[in-house]
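What follows is a short report on a single structure.
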Amino acid sequence: KQEVTQIPAALSVPEGENLVLNCSFTDSAIYNLQWFRQDPGKGLTSLLLIQSSQREQTSGRLNASLDKSSGRSTLYIAASQPGDSATYLCAASGNQFYFGTGTSLTVIP
Amino acid sequence: DGGITQSPKYLFRKEGQNVTLSCEQNLNHDAMYWYRQDPGQGLRLIYYSQIVNDFQKGDIAEGYSVSREKKESFPLTVTSAQKNPTAFYLCASSTTGTYYEQYFGPGTRLTVT
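Chains as they are written, first to last, in our numbering: chain R, 19 to 127; chain U, 4 to 116.
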């Protein structure tokens, strides 16, 4: 069964810093890797979807990369802002989505 | 606006009662999903459906039931057989095929006392 791990569980950075969130998965036979943002008490908002044939996707200040062979994906956030504070989850899809437990990000003004 | 709606946002029930959570989507997606989220744990799949009148059990289906009579709707019933029903429940939908992207509703927080 696919296992998805996100380290660290929590991260605090000063405003303006660039940062990287990590996601690892055990089975490289995935279709997609999707990154989500979750605010407290809310649903998940899709940030980026990387298809298995792709190496990266970009949206604004966000860049996600995928290395299937090593079972890793990273989410790079440039010039962090307090509004980026949230929990970030990754999910690897095969016949279903498998989620990590998330990284709780706090950006300090 | 296209999207997924879940109602109610908060739900309180007494132990021993069945309760149904609503999920509706207007994205014209074939597939719909129910997840449970507990503090410190990732989302766990309860049930999913890829077509009307058909659904499959996920990893934690015991104590739950679903129906899929319409493409737009996928209600989840939490039965009295579910031992720890208090949780945050999330509904999602997607297209089918290999490269599908999931979209989520706002969630329902169920508290059973």
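The beta carbon of each residue, even a glycine, is placed where N, CA and C say it ideally should be.
Since we're looking at a predicted model, the values are computed, not measured.
Check: Residues of chain R with CB closer than 7 Å to the CB of F107 (chain U), please, in chain order.; Outcome: G61 and L62
Check: Within the same chain, show all residues whose beta-carbon is closer than 7 Å to that of S70 (chain R), passing over the 5 residues directly before and after it, in chain order.; Outcome: I48, Y49, N50 and K86
Check: Is the segment 5-13 of chain U touching the segment 93-112 of chain R, taking contact as three or more C-beta pairs under 8 Å?; Outcome: no
Check: On the premise that T121 (chain R) lies in contact with G45 (chain U), defined as a C-beta separation below 8 Å, what is that separation, rounded to the nearest angstrom?; Outcome: 12 Å between Cβ atoms; not a contact.
Check: Between L51 (chain R) and chain U, is there a C-beta pair that is closer than 8 Å?; Outcome: no
Check: Taking just the CA atoms, how far does A82 (chain R) sit from Q75 (chain R)?; Outcome: 5 Å
Check: Could you give the first and the last residue of the continuous beta strand (DSSP E) run that contains P26 (chain R)?; Outcome: Premise fails: P26 (chain R) is in no beta strand (DSSP E) and is neither H nor E.
Check: Does any residue of chain U have a CB that is nearer than 8 Å to the CB of G17 (chain R)?; Outcome: Nothing in the structure corresponds to residue 17 (chain R), since chain R is present only between 19 and 127.
Check: Is Q69 (chain R) close to chain U, meaning its C-beta is less than 8 Å from at least one C-beta of that chain?; Outcome: yes
Check: If the cut-off is 9 Å on Cβ atoms, which residues from the segment 43-56 of chain U count as contacting chain R, listed in chain order?; Outcome: G43, Q44, G45, L46, R47, L48 and Y51
Check: When the distance is taken between beta carbons, is Y94 (chain R) closer than 8 Å to V129 (chain R)?; Outcome: This structure does not reach residue 129 (chain R), given that chain R is present from 19 up to 127, and the question cannot be answered.
Check: Along chain R, which residues have their Cβ under 8 Å away from the Cβ of D14 (chain U)?; Outcome: It should be pointed out that residue 14 (chain U) corresponds to Leu in this sequence rather than to Asp. Under the 8 Å cutoff, chain R gives no residues; its nearest Cβ is about 14 Å from L14 (chain U).
Check: Should R79 (chain R) be labelled buried (16 or more other beta-carbon atoms within 10 Å of its own) or exposed?; Outcome: exposed
Check: Could you tell me whether the Cβ of T82 (chain U) comes closer than 8 Å to any Cβ of chain R?; Outcome: no
Check: Helix, strand or coil, according to DSSP, for D45 (chain R) in the structure here?; Outcome: coil
Check: Which residues in chain R sit within 7 Å of Y92 (chain U), going by Cβ to Cβ distance?; Outcome: Here the premise fails: no neighbours, minimum Cβ distance about 10 Å.
Check: If we ignore side chains and look at the alpha-carbon of each, how far apart do Q72 (chain R) and S83 (chain U) end up?; Outcome: 45 Å
Check: What do you reckon, are the CB atoms on Q40 (chain U) and L93 (chain U) nearer than 8 Å?; Outcome: yes
Check: In the DSSP assignment, what residue or residues form a beta bridge with F91 (chain U)?; Outcome: U:Q40 and U:R112
Check: Let me know the beta strand (DSSP E) ranges lying completely inside the segment 49-74 of chain U, each 3 residues or longer, listed in chain order.; Outcome: 57-60 and 67-69
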